[in-house]
Amino acid sequence: MPEPADPTVRFELFSSAFCGACHSTRSVLAQAAALVPGAVVEEHDVAFEPDYSEAHDIEATPTVIVRASDGRQVFRAQGVPTIHQALTAAALALPA
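Each residue of the sequence shown is one higher than the one before, starting from 231 at the first, in my numbering.
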């Protein structure tokens, strides 16, 4: 299924190849994105995108940043989120 041109919610996952918790985070975010219309998941490997990761002050993997459609960061956390946390963060990104 193609990604929406302007996602309503963007889940950004900062990961690394040696990160075991990243697999679980990837799964949780995929579940959340499937439940939120117009949501997308973007994954950034810190080894392949060091400048982008540094610009976003990534200190550990996994780190999740949730953004609203205007690019505004509404949530940020390190570690594996629960589905409840991911959906709550997505709700913060949705227009009122």
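Glycine included, C-beta positions come from ideal geometry on N, C-alpha and C.
Query                                                                                                           : Result
For Gln-215 and Pro-237, what's the separation of their Cα atoms in angstroms?                                  : What is shown of the chain runs 231 to 326, which leaves residue 215 out entirely.
Check whether the Cβ of Ala-316 sits closer than 7 Å to any heavy atom of the ligand SAM, and report yes or no. : The ligand SAM is not part of this structure, which contains no ligands at all.
Is the distance from the Cβ of Arg-297 to the Cβ of Ala-316 below 8 Å?                                          : no
To the nearest angstrom, report how far apart Ala-251 and Val-294 are at their CA atoms.                        : 12 Å
Just reading off the beta strand (DSSP E) that Val-258 is part of, what are its end residues?                   : Val-258 -> not in any beta strand (DSSP E); alpha helix (DSSP H) instead, spanning 250-265.
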